[in-house]
Each structure stands twice: as structure tokens, then as C-alpha cells.
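Engineer:
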Amino acid sequence: MTVKVSRFNLASILRYAWIRARAAAAVAGDKIRVHFGPALRAAWCEAKAALDGPALTPRQALVSGISRHDAAMIRVQAVIQSTSDREHAGIDVAVLHEYRSTCLDSMRAHGIVLRSALQRLDDAAAKLQADGGPRAEAGQLHFFEPRSDYVIRLAGEVICITDLTTGARSVVDDVENIIHDLGEAGHNLFKRPIIYHCDGGEWSEIALKNGMFSGFRALDDNRQKVLRDIAFSAGKPNVPGKPKITKKSSKPLYVQETLF
């Protein structure tokens, strides 16, 4: 079976494998390189299983990651407490204790990062709904693990992307991969406009040329009206750039009354 490497974030897999290898080395009193191979294979299998399984929303992915991390932390602590220092002959006990403490601190820090990302995600979703963006129950697009630094939602026939200001990967850095993955997921990007809500609070449109990213376009009043019509329209969406008045339903399909 051929695995498409482009589906995976290799840096995240290597980082996760390194954390697992350090924890295993701390328990066994060995060098990290002894445990890195098995840890890398385990991390790769987990990443592949996550992508081959049912698609998760960003929140579900983070909750699942926190649960796995906490379980691993408990296992490592239990093994350390049950292992006698005498089993590691030739290793200075003070050095061994310091090494174990450093590895556990690294795992705790990783857990704090995961919980912080979950809190930012919840805060961003609440703010987006309060600002009149897509509601939480709107059609959720496939979440492309492990891109937890922004949220992609579907508002009618408009694709909305919101930065979560995590300080890591942003929409600007990853826009070409986003467009590629949206196309792979079956979304017709010639009919579905893509708008981007940056951390500064401004909306802009991601412009495409021949299906490829060609830049960010500021949204004037006319274009915003067109996109509102596309988002609210129950029938065929308006042709971008040609605004026309349509009869709106009394109940919005996916978004609240103010999209911008």
C-alpha cells in the first residue's frame, strides 16, 4: 500500500516520537536513540490510523489528543515509581532522577499546550458566533489534522476560514495546502468562494486563478453583499461579481444575519 506523505505533518510526528522516546528512555535509564525507532513507528501508526478513521472536528481532535497524552503520562509515572534505582547499575542515581524529572516536565508542558489550544478554540468559536459568523452547528468541513491553528467552516456556499492566533501555523503560511486539500475533499472552488477572517478582525477573500492561489483580495461593500447572497441563498448561488437581489428565506441556512 502506498502512503501519501503529503497527508501527514512530518514535523509533528517527529516531535511526538521524540517525546515518547524521551519518556521511555527516562523509565529504562537508556539513551534516547535506543527508543526513538519504536517511538517513531508508533507515532506514524497513530497518525495513519487517525487519518484513515472518521473525520474529527478540531475540538474532537484536541480532546482525543489530551486523553491519549494523559494516559501516557500516567503509564510513565507508574513505571518510574515501580522501578528500583538498583536496576540501573552504573548510572548515577542523582543524574537518573534529574533526567526523569526533565522528561516528565516536558510531558507536562506538552499537556498544557494541548489544553491551551482547546481553550483558544472554544474562545474563538464563541467569538465567531457572537460576531455573526457561522454558527457552531453549521456544516463543518473536514478538519485536516494536525492543523489546529485555524478553523474551516461552511456557510451556505461560502467557505469561511478563521485564524485562532495560536502563534504557530497560520492561514497565510498554509493557504496553498488548504486550497489543495479543499479540492481533494470534493469542494468546487470555482463555485464556492473562500473568505478568511484574520486575527486582526478583518475579512478578505482568497483569490484563485486556474485553481491555484493568487493572493488575498480586500472585500468592498458590493463584494460583501454578493457573498452574503451566496451564503444565504437556498438555490443556485449568484455568480461572483454580479450582485442581484434575491428573496431570502426567513430562516438563515447556516449563518446568522450578519456574515461580516
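When you read off a place in the sequence shown, starting at 1, and then add 1156, the result is the number in the working numbering. Note that CB positions come from ideal geometry on N, CA and C, so glycine has one too.
(1) Which residues does DSSP pair with M1368 in a beta bridge?
(2) Return the chain-ordered list of same chain residues with a C-beta closer than 6 Å to the C-beta of A1181, the five sequence neighbours on each side being excluded.
(3) For E1293, count the other beta carbons within 10 Å of its own beta carbon; 16 or more makes it buried, fewer makes it exposed. Which is it?
(4) Could you check what DSSP says for R1309 in three-state terms: helix, strand or coil?
(5) So the candidates are H1343, I1386 and Q1275; which of them puts its Cα closest to the Cα of A1311?
(6) Indicate the three-state DSSP secondary structure (helix, strand or coil) for A1374 in the structure shown.
(7) For R1303, does the count of other Cβ atoms within 10 angstroms reach 16, so buried, or fall short, so exposed?
(8) By how many angstroms is the C-alpha of W1174 removed from the C-alpha of L1196?
(9) Are the beta-carbon atoms belonging to R1178 and S1257 less than 8 Å from one another?
(10) Could you name the residues of the same chain whose beta carbon sits closer than 8 Å to that of R1264, not counting the 5 residues immediately before and after it, in chain order?
(11) How many Å lie between E1361 and I1334 at the Cα?
(12) Near D1376, which residues of its chain fall below 8 Å by C-beta distance, leaving aside the five closest residues on each side in sequence?
(13) Could you tell me how far apart the beta carbons of L1218 and L1166 are, in whole angstroms, since I believe they sit closer than 8 Å?
(14) Starting from the Cα of L1270, find the closest Cα among K1365, F1369, Y1172 and G1193 and give me that residue.
(15) To which residues of the same chain is R1373 closer than 7 Å at the C-beta, ignoring the five residues directly before and after it?
(16) If you reduce the DSSP assignment to three classes, tell me which class H1353 lands in.
(17) I1315 and G1267: beta carbons closer than 8 Å?
(18) How many Å lie between D1337 and N1344 at the Cα?
(19) D1319 and C1354 look like a contact to me (Cβ under 8 Å); what is the Cβ gap, rounded to whole Å?
(20) Just to confirm the assignment: which complete alpha helix (DSSP H) runs, minimum length 4, are found wholly within the segment 1170-1212?
(21) Ordered along the chain, which non-local residues of its own chain (more than five positions away) have a Cβ less than 8 Å from that of S1370?
(22) Please report how far the alpha carbon of K1407 lies from the alpha carbon of A1198, in whole angstroms.
(23) Assign V1328 to one of two classes, buried (16 or more other C-beta atoms within 10 Å of its C-beta) or exposed (fewer than that).
Structural biologist: Short version:
(1) K1365
(2) Cβ within range, chain order: I1188 and H1191.
(3) Only weak support is given to the placement of E1293: the predicted model assigns it a pLDDT of 39, under 50, and the question is left unresolved by the model.
(4) strand
(5) I1386
(6) strand
(7) Since pLDDT at R1303 reaches only 46, below the 50 mark, its modelled position is unreliable, and the value read off the structure follows with that caveat. By the neighbour-count rule (16 or more Cβ atoms within 10 Å), R1303 is buried.
(8) When rounded, the distance between both Cα atoms is 8 Å.
(9) no
(10) M1229.
(11) One C-alpha to the other measures close to 14 Å.
(12) So no residue of the chain qualifies.
(13) Not really, about 20 Å apart at Cβ, beyond 8 Å.
(14) Y1172
(15) S1360, E1361 and A1363
(16) strand
(17) no
(18) Straight through space, the alpha carbons of N1344 and D1337 are spaced by roughly 12 Å.
(19) 6 Å
(20) Secondary structure within the segment 1170-1212: the alpha helix (DSSP H) runs of 4 or more consecutive residues, fully enclosed, are 1188-1208 (chain order).
(21) A1363 and L1364
(22) With a pLDDT of only 34 at K1407, under 50, the local geometry of the prediction cannot be trusted, and no value is derived from it.
(23) exposed
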